[in-house]
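In this note's numbering, the protein residues as written are 761 to 830.
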């Protein structure tokens, strides 16, 4: 598994964890400071992972879909 594939796999796991936290927050009527903090931490982690993934790709904005992404 390449570094890019590992990061994408980790991104999926972080996304699923974010979804679980948001669901728990909804069940708690959006009144849990610790869950809000956890979502914030996970979003920061996700942003860092996306940035790392993009840096591994370099200037190649092609994803294979036929469109150029910036």
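Using N, Cα and C, we set each Cβ at its ideal position, and we do this for glycine too.
Every value quoted in this text rests on a predicted model; they were computed, and no experiment measured them.
Name the two residues that bound the continuous alpha helix (DSSP H) containing residue i.
i, result
"residue 784", "763–787"
"residue 800", "793–817"
If residue i and residue j are in contact, beta carbons under 8 Å, what's the gap, nearest whole angstrom?
i, j, result
"residue 781", "residue 802", "7 Å"
"residue 816", "residue 775", "Residue 816 to residue 775, Cβ: 19 Å. No contact."
Are residue i and residue j touching if we call contact CB-CB under 8 Å?
i, j, result
"residue 773", "residue 809", "no"
"residue 796", "residue 805", "no"
"residue 778", "residue 799", "yes"
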